[in-house]
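Notes to accompany the following structure.
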Amino acid sequence: MAVIADGAETARDVAARAHRLRPVDAVVLGYAAATSLVALLRIGVLPRCGWVLLLNVLMALLVLLLTRRTLGPFGGVVREIYPLLLLPLLYSALGVLNGGGRLPVHDLLVQRWEAALFGGQPSRDWWRADPSRLWSTVLHAAYFSYYFIIAIPAGLLLAWRDRPGLRRFVLAVVATFVFCFLCFVLFPVAGPYYAFPRPDAAFLDNPAARLVYATLARGSSYGAAFPSSHVAASVAATFSAWAASRRLGVLVAVPAALLTVGVVYCQMHYVVDALAGLAVGSGFGLAVARRT
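Residue numbers for the sequence shown follow my numbering, so the first one is 16 and each next one is one higher.
Okay, structure coming up:
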């Protein structure tokens, strides 16, 4: 009888844990499952995909660990923000899943879309037609502000102890990133940063541009252009921050708007990348902001 009771208690514990999974946990676990399938399909060609499988197993274990009833104050904070902390690892894994350029990319197709819609290649031609040291500085700085657009609202909502607002923010941003990352895996596009010759040295001769290029040199994943996750995540963050605090929303909206323009002017993304990112970020941002 004791064995039966213990078994019944274990089953109840498992069921209770499942009910404690939040939507963002389901997003993380769903992404781990999807990319594990891709890794298994590609591991014969890309042996390093085995590391992605290991990462996904560890992520799943982390999610289960964080559903425990007694986490303590520090564990509770980690529970709220861990999906954001995972994003750099997930982004780095994209290079493994795409083979660092060994798999074909779809830039020629996207460039045809660009030419059909805009009569040329704005990401290549705009800065050449109107080079500006001032706008290069401002828009490269806006491009780099992407990291702060994600981190600062999360930190402020955590400090304000606005847990509902923080949860909506994390869910919107992480769901947006996950959608973009899946697009990168299934439809890799290198982007104008790789496809076209780099801008002239004079255009990049400012601290903001040097900082951006130094950062990209250390951690850019090939094939991660369509849709622009920079634009998508910034827009989703804007909607979620606005839902929590109008002042916070304005604080995020200004650099997000500049970033959306900057990714094209600074030759980081095609216009269709930015437009797709705008649509994705708006969709997830609005959907999550309306959650009670």
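The beta-carbon is built from N, C-alpha and C at its ideal position, and this holds for glycine as well.
{"Asked": "Nearest-angstrom Cβ-Cβ length linking C195 and V295, presumed shorter than 8 Å", "Found": "7 Å"}
{"Asked": "Distance between G238 and V204 (C-alpha atoms, nearest Å)", "Found": "4 Å"}
{"Asked": "I164 vs L99 beta-carbon contact at 8 Å", "Found": "no"}
{"Asked": "M283 vs Y158 beta-carbon contact at 8 Å", "Found": "yes"}
{"Asked": "Classification of P179 by the beta-carbon crowding that lies within 10 angstroms, buried from 16 upward", "Found": "exposed"}
{"Asked": "For A223, three-class secondary structure by DSSP", "Found": "helix"}
{"Asked": "Residues near R213 by beta carbon distance below 8 Å, same chain, minus five either side", "Found": "L219, Q282"}
{"Asked": "Inter-residue Cα distance where the pair is A187 and G116", "Found": "29 Å"}
{"Asked": "Distance, T50 Cα to A232 Cα", "Found": "25 Å"}
{"Asked": "Cβ shell of A362 (< 6 Å), same chain only, five flanking positions each side left out", "Found": "Residue 362 lies beyond the stretch modelled for the chain, which goes from 16 to 307, so this question has no answer here."}
{"Asked": "Close beta carbons around R94, own chain, < 7 Å, minus the five adjacent residues each side", "Found": "L81, L86"}
{"Asked": "6 Å CB neighbourhood of G206 in its chain, flanking five on each side removed", "Found": "A240, H284"}
{"Asked": "Nearest-angstrom Cα separation, counted from L266 out to V29", "Found": "With a pLDDT of 45 at V29, under the threshold of 50, the predicted position of this residue should be treated as unreliable, and no value is reported."}
{"Asked": "Other residues of its chain near G45: CB distance less than 8 Å, five sequence neighbours each side excluded", "Found": "V193"}
{"Asked": "Assigned exposure category for T230 - 16 Cβ within 10 Å defines buried", "Found": "exposed"}
{"Asked": "Assigned secondary structure, A217 (DSSP; H/G/I helix, E/B strand, else coil)", "Found": "coil"}
{"Asked": "Rounded straight-line distance, which links the Cα of R83 to that of G91", "Found": "10 Å"}
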